[in-house]
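Take a look at the structure below.
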Amino acid sequence: MSSIVWFRQDLRLEDHYPLLLAIEAGRPLVLVFILEKTKHWSIGRASQWWLEQSLLAFKESIEAKGGFLHLFHGETEEILETLIRKHKAEALYYGANYEPEERKIESRVEALCKRYGIASHKFHHNLLYNPETVLTKEGKPYQVYTPFWNRTQQFQAPEEPMPAPRSLSCCLKGASEPISKLHLTQTWDLHQIPLLWEPGEKGAKKRLKTFIDKGRVEDYEHDRNFPAIDGSSKLSPHLHHGEISPRVAWHSAKASLTYRKELVWREFAKHLLYHFPHTTDHPLKPEFDAFPWQKNAKLLKAWQNGETGFPIVDAGMKELKYTGWMHNRVRMIVGSFLIKDLRIHWLEGAKWFWDCLVDADLASNTLGWQWVGGCGADAAPFFRIFHPDLQEAKFDPTHEYIKKWVKEPSKRIVDHAEARDEALKAYHSIVAHRKK
Ligand SMILES: Cc1cc2nc3c(=O)[nH]c(=O)nc-3n(C[C@H](O)[C@H](O)[C@H](O)COP(=O)(O)OP(=O)(O)OC[C@H]3O[C@@H](n4cnc5c(N)ncnc54)[C@H](O)[C@@H]3O)c2cc1C
């Protein structure tokens, strides 16, 4: 007899409800991680590197406590069924995942548990608030951030995080594939990514400590806007893989309400993905489906390579390529440039980010791109078009950020004023169409 703990985007031991409650239940434990490459929005390149490193670190910390992590590659339902039979499992413990493909996997697993008469315990421990419960008075999901935030503040404050278990000697050992069998190993150039990041729970803790100890949390409200300043926490990839729980970040950052509000933007993104799963591929505002996008491989490539001739855009795209991360302000600028100056579909931008970001997250990426494109929840209106040069003057006044990434400026691929007029014409065409 045993309990299975199924790890997903929660590769940590601290503040891990499924693990702690499975231990409390007293049966021997089978800890398992399964890589099922989903058919749609399958894990991107930079994230594959991160996941591999994160799993290595996770396996090591489990083994240090006397435990064992079963790693598999394939169909979740099939693998769990084998484990259920082999270890005579009586219960399954796991954390919810809000991505549409993952929810399909979850339903199959729930059906499997029913077939075998196994108790299934699902937790929302990667969020501060369960997205199913943050609803308007009419019982509807929110589409605007501020009322969403206000509603969350009526809930009980997020609980204090729970410590990691002292021992995992209650774990059963068994057959497991080596991490190399998960086929996450890369053949592409990772540039500076492996030098800059330390995936895993320990790396996450170090990032948080730096953010708090160096006083960045106190200066966050101001500094986070300037890409030349190391002013944000850079916890996003750790939060995405669940190497740190949002409760830990929330309680550690009590000095900054603004920081807590950013953590709730992450919650809002998950909430939207949960209630509007189609938005991974379609705009929340359906009229934008008729937007006359340009298909232009040459312009797209120039944007991807950071060769647009607009220094702030090119710096951002280079930062992304070399580090696997990009400053939030610059994400908005490069996004606006792709969508409005080049009139290339926001999905092309979302896909490129998906492949290059170590923090690629389906909920936050979808929200970010639709926000920039004016077609999502609480989005910036489409007609408010960023002028890259003015953004640069405002947010990188000393050109420190630009100089770091752009050595030789290239020739401009578009004229911003003309591109802006074209974008507004295109926008008015869909507005006129909607009014008909
Ligand atoms: C076009 C676009 C695409 C984006 N794609 C992603 C993505 O794939 N993954 C991702 O994690 N974030 C994404 N973001 C949101 C944001 O840029 C990053 O979360 C942030 O830059 C991460 O850096 P940080 O950890 O230093 O953030 P901090 O400023 O330290 O914020 C703390 C945490 O709050 C959350 N957060 C902050 N801002 C946002 C936001 N606007 N939306 C959602 N959560 C937020 C993140 O989890 C972040 O780690 C995107 C934004 C845009 C405009």
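Residues in the sequence shown are numbered consecutively from 467, following this note's numbering.
Idealized CB from N, CA, C, for every residue including glycine.
Whether residue i touches residue j by CB criterion (8 Å)
i	j	result
Q652	Q760	no
Q619	A843	no
P665	W837	no
W507	L828	yes
I810	L766	yes
V683	A721	yes
P693	R795	yes
N691	F861	yes
L601	L738	no
A555	A491	no
I489	I550	no
L729	L594	yes
K727	C841	no
Where the beta strand (DSSP E) through residue i begins and ends
i	result
V498	495-501
G790	Element bounds for G790: n/a, residue is neither H nor E.
W536	According to the sequence provided, residue 536 is His. The question's Trp does not apply to it. Start and end: 535-539.
L558	555-561
K588	585-589
L473	A small fix is needed here, since residue 473 is Phe in this sequence, not Leu. F473 -> beta strand (DSSP E) spans 468-473.
Cβ shell of residue i (< 6 Å), same chain only, five flanking positions each side left out
i	result
P627	D481, S711, R713, V714
E753	I896, R900
P566	P743
H591	Y483, G561
L808	L765
L501	H539, L648
F589	Y483, P484, G561
Residue i beta carbon near ligand 1 (any heavy atom closer than 7 Å)
i	result
L738	no
L674	no
L918	Outside the displayed range of the chain (467 to 902) lies residue 918, so it cannot be described from this structure.
V714	no
Y725	yes
N794	yes
F819	yes
V838	yes
A826	yes
K668	no
K806	no
S698	yes
S702	yes
H882	no
H706	yes
W731	yes
A735	yes
E728	yes
S830	yes
L765	no
G605	no
L823	yes
R850	no
R690	yes
Close beta carbons around residue i, own chain, < 8 Å, minus the five adjacent residues each side
i	result
K668	A523, S527
F803	W769, T774, F776, V779, F852, P854
L701	A670, R673, L674, F677, I710, A715
Neighbourhood of residue i by C-beta distance below 7 Å, restricted to the same chain and skipping five residues each side
i	result
Q857	I778, I799
F499	F473, L521, L535, L537
L578	E543, L546, E547
L487	Y559, H587
D655	none
P629	E480
Q475	N563, N592, H706, H707, G708
V824	A512, S513, W516, I659, W663, P703, G790, W791
Y725	V683, Y686, A719
Y867	P693, A694, A781
Residue i: CB within 7 Å of a non-hydrogen atom of ligand 2
i	result
R493	With respect to small molecules bound, the structure shown includes ligand 1 and not ligand 2.
Where the alpha helix (DSSP H) containing residue i begins and where it ends
i	result
I571	566-582
Y725	723-741
N771	763-771
R511	511-530
A843	Note, A843: premise wrong, no alpha helix (DSSP H); not H, not E.
V683	682-689
N616	611-618
D855	854-861
D821	812-822
K751	Element bounds for K751: n/a, residue is neither H nor E.
**Message:** Could you check whether the region 575-595 touches the region 516-526, counting it as contact only if at least three pairs of C-beta atoms, one from each stretch, sit closer than 8 Å?
**Reply:** no
**Message:** Does the structure place the region 770-790 close enough to the region 887-895 that three or more beta carbon pairs sit under 8 Å?
**Reply:** no
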